[in-house]
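Chains as they are written, first to last, in the working numbering: chain U, 1 to 231; chain X, 232 to 587. Here's the structure we're looking at; comments come further down.
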Amino acid sequence: MIEIFGVEVSLDPIWLTLEVAAWTTFILLLLGTPLAWWMARMQHSSKIVLEALVALPLVLPPTVLGFYLLIIFNPNGYVTEFLRFFGFEGQLTFSKTGLIVGSVFYSLPFAVQPLMHAFEAVPQKLLDAAATMRANVLDRFFTIVLPLSQRGFLVAATLTFAHTVGEFGVVLMLGGNIPGETRMVSIDIFDHVESLEYDQAHVLSAMMLIFSLCVLMLVYGLNRKFGVKVG
Amino acid sequence: MTTLRGNLQLKLGNFELNSGEFELPLEGVTVLFGRSGSGKSTLLRAISGLDKHTEGELYFGDVCWQNGKKALATQKRHIGFVFQDAALFPHMSVRQNLMYSVKRLPKSVQLADFAEIVTRVGIADKLDRGVNFLSGGEKQRVAIARALLTRPDILCMDEPLSALDWRSKAEMLTLIEDIVAAYQIPVLYITHTPAEVERLANQIVFMQDGAIERIETLQESLSRVDSPLFDDEGAVSVLQGTPQAIEQGLRPIQMGQNTLWLSDLNELKKDTVRVRVLAKDVSLALSDPEQLSIINHLSAEILEIVPEQNHRVLVRLQLQDGQKLFAEITEHSAQRLELKADMKLFALIKSVVLAE
């Protein structure tokens, strides 16, 4: 608990939020990169199905996503059973791990779309040229694709992080409201308002507002800086 | 002599490459010639292994590059490739672009002479520049140096001049000739410009509708009346000769016992030069006219007379040293002079230019 403008605010939800967002960003960059690369180079018409699937969290009410995840992650369901097989203990619903997994789905488009667009902008002929200079696939990816899509990675990382910080519906459905385990900032604000603790809600909301504004300014700043340098 | 032989298929959307059996000598410059859409670039990409949907067979000497759907990866083929618009890496300096090649040379391959190559190509003073600050011609030079530094067994060039202005084109052609002579690397060169073919080619692969139509030497191709190399300027002959020292403000080019006189006095570093003569610029005379402003009179023999459109005829001549020359004259003149095969006469050439 700390005091801000004479209002006592618990820091736990803030730390939890940052932790979940950081893990989500890390996992999404790791998994989203090959997915985005694959999609960017795909010429088959089935690409639109994939694109639609990836974009789904953008239009689906978070509660719907959260509801399905709640069903799928049922502690007695197949997914949990499958994970237990690999020594997983605990459960995916109402837990931090579950929140991170849920966030990965929820923020998927925010990682994959900027990466995909960045990869699509890398001219094929540069990769061809590298191949004729004896660079293999991974070599080409790390020496040509990665440096030329830096901006895409920065945008993907910041947007994913910020979007995960701001999630509410999925968290509520999947994680509930367990202090220190699943109570993230957005839930905490909701909680305070429900209990008519407007002062705490004010402080947290203002913090979120400033944070979001800063992140967006960072993204647009990066866009501008690297837009000139790379493009 | 080693050859590149095979039969490649590649389907891209509505376009289908079906090369047919081919065998190319790995020597000098082989030009892939054809209209846009004839499949030149597709064939070159298939040969380089740049398109993974390629099928068929391809052997570089004894090494199998393609067998059915199984292909040797491009990076293992020892190919140098110069793309139409250079394809330099924009996030690297000129030097870094060049070192990208050098760093990836297998240990078994000896390093190329970096300093010698950048000097020959003419980019020694531009190594630390960003590639976005180079002109079109400079970019293409870097691309050529980069390809040479991979120590390629074969150099592929996909219309390397098409993005350049005429002055850079002329310089680049000279450079390419120089490289072919200096490093003795077989070159596969794509173009749709007859003048480039006449300047560079040893042999020509004619392509049409995704297939190889025929493969022949430059001389064979130019002795055909219906050569695809002839554009709206009509038939063209390319004569080869040895340049001599300048005399009376003219450059003599020796061809057997005949001498051609050129008004082009630029320094020539080569032992043999190619000159380009339009059939329209060649007139015929039964006796050697002494009092005439035209200086180039070559004795010749008629091989055949081919009727053309618009009451004109194309006369195919053989010069003393065996080289072939076309003359295009009117039907009326041919009848008046009673021209027929095996007749000996004189070819008067109004204008000659160095092939470039």
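Every residue gets a Cβ at the ideal spot worked out from N, C-alpha and C, and that includes glycine.
Per-residue contacts from residue i into chain U (C-beta, under 7 Å)
i, result
"X:ARG335", "MET133, ARG134, ALA135"
"X:GLY311", "THR132"
"X:THR305", "ALA131, THR132"
Residue i: first and last residue of the uninterrupted beta strand (DSSP E) it sits in
i, result
"X:MET388", "385-389"
"X:VAL469", "467-474"
"X:VAL418", "418-422"
"X:THR405", "Run containing X:THR405: none in the beta strand (DSSP E); it sits in the alpha helix (DSSP H), 397-414."
"X:GLY237", "234-243"
"X:PHE437", "434-439"
"X:ALA578", "575-580"
Neighbouring residues, chain U, relative to residue i (Cβ below 8 Å)
i, result
"X:TYR331", "ALA130, MET133, ALA135, THR143"
"X:ALA318", "PRO123, LYS125, LEU126, ASP128, ALA129"
"X:PHE314", "LYS125, ASP128, ALA129"
Status (buried if at least 16 other CB within 10 Å, exposed otherwise) for residue i
i, result
"X:ILE484", "buried"
"X:ILE348", "buried"
"X:ARG351", "buried"
"X:GLN331", "It should be pointed out that residue 331 of chain X corresponds to Tyr in this sequence rather than to Gln. Its Cβ being crowded by 16 or more others within 10 Å, X:TYR331 is buried."
"U:GLN113", "buried"
"X:CYS387", "buried"
"X:LEU319", "buried"
"U:ILE210", "exposed"
"X:GLN540", "exposed"
"U:GLY98", "buried"
"U:LYS225", "exposed"
"X:GLU369", "buried"
"X:LYS271", "buried"
"U:ALA52", "exposed"
"U:GLN43", "exposed"
"X:GLN297", "buried"
"U:ILE178", "exposed"
"U:TRP38", "exposed"
"U:PHE105", "buried"
Extent of the continuous alpha helix (DSSP H) to which residue i belongs
i, result
"U:VAL20", "12-40"
"X:VAL352", "345-352"
"X:ILE375", "367-379"
"X:GLU569", "Segment: none, X:GLU569 is in no alpha helix (DSSP H) and carries neither H nor E."
"X:GLN479", "That residue, X:GLN479, is in no alpha helix (DSSP H); it is neither H nor E in DSSP."
"X:GLU451", "449-453"
"U:VAL59", "47-59"
"U:GLU8", "Segment 7-9 is the beta strand (DSSP E) holding U:GLU8; no alpha helix (DSSP H) there."
"U:PRO75", "It is not in any alpha helix (DSSP H) - U:PRO75 carries neither H nor E in the DSSP assignment."
For residue i, three-class secondary structure by DSSP
i, result
"X:HIS528", "strand"
"X:LYS501", "coil"
"X:PRO337", "coil"
"X:SER514", "strand"
"X:ARG276", "helix"
"X:GLU429", "helix"
"U:GLY98", "helix"
"X:LYS302", "What sits at residue 302 of chain X in the sequence shown is Ala, not Lys. Strand at X:ALA302."
"X:VAL262", "strand"
"U:PHE82", "helix"
"U:MET133", "coil"
"X:MET486", "strand"
"U:ALA157", "helix"
"U:LEU148", "helix"
"X:GLU562", "helix"
"X:SER246", "With the sequence shown as reference, residue 246 of chain X is identified as Phe, and Ser is not the correct amino acid for it. DSSP places X:PHE246 in strand when its eight states are reduced to three."
"X:ARG382", "coil"
"U:TYR205", "A quick correction: the sequence has Ser, not Tyr, at residue 205 of chain U. DSSP places U:SER205 in helix when its eight states are reduced to three."
Listed by chain order, chain U residues near residue i by CB distance under 9 Å
i, result
"X:ARG279", "At residue 279 of chain X the sequence reads Ser, which differs from the Arg that was named. Ordered by position in chain U, the residues that pass the 9 Å Cβ test against X:SER279 are ASP128, ALA131, THR132."
"X:THR174", "Nothing can be reported for residue 174 of chain X: it is not among the residues displayed for chain X, which extend from 232 to 587."
"X:PHE364", "Those within 9 Å of X:PHE364 in chain U number zero; the least Cβ separation is about 14 Å."
"X:THR381", "THR132, MET133, ARG134"
Within chain X, the residues that residue i reaches when beta carbons sit closer than 7 Å
i, result
"U:PRO147", "HIS322"
beta-carbon residue i near the ligand MG non-hydrogen atom, thresh 7 Å
i, result
"X:TRP296", "Annotation note on the ligand MG: not contained in the displayed structure, which lists no ligands."
Quick check: the stretch 78-92 of chain U against the stretch 121-128 of chain U, are there 3 or more CB pairs under 8 Å? no
Does the stretch 301-310 of chain X come close enough to the stretch 279-293 of chain X that 3 or more CB-CB pairs lie under 8 Å? yes
Is the stretch 155-171 of chain U close to the stretch 11-24 of chain U, with three or more CB pairs under 8 Å? Below 8 Å, enough C-beta pairs join the stretch 155-171 of chain U and the stretch 11-24 of chain U to call them touching: three or more.
Within the chosen definition, does the stretch 288-298 of chain X reach the stretch 232-242 of chain X through at least 3 CB pairs nearer than 8 Å? yes
Any contact of the stretch 418-426 of chain X with the stretch 379-393 of chain X, i.e. 3+ C-beta pairs under 8 Å? Contact holds: three or more Cβ-Cβ distances are below 8 Å.
Using 8 Å as the threshold, is the stretch 249-268 of chain X in touch with the stretch 420-439 of chain X, meaning 3 or more CB pairs across them? yes
Counting Cβ pairs, one atom from each stretch, are 3 or more of them under 8 Å apart for the stretch 551-564 of chain X and the stretch 501-519 of chain X? yes
Counting Cβ pairs closer than 8 Å, one from the stretch 357-369 of chain X and one from the stretch 321-330 of chain X, do we hit at least three? yes
Using 8 Å as the threshold, is the stretch 247-258 of chain X in touch with the stretch 267-281 of chain X, meaning 3 or more CB pairs across them? yes
Contact between the stretch 305-314 of chain X and the stretch 372-384 of chain X is defined here as three or more beta-carbon pairs at a separation below 8 Å; is this criterion met? yes
Is the stretch 134-151 of chain U touching the stretch 334-349 of chain X in the sense that three or more CB pairs, one from each, lie closer than 8 Å? yes
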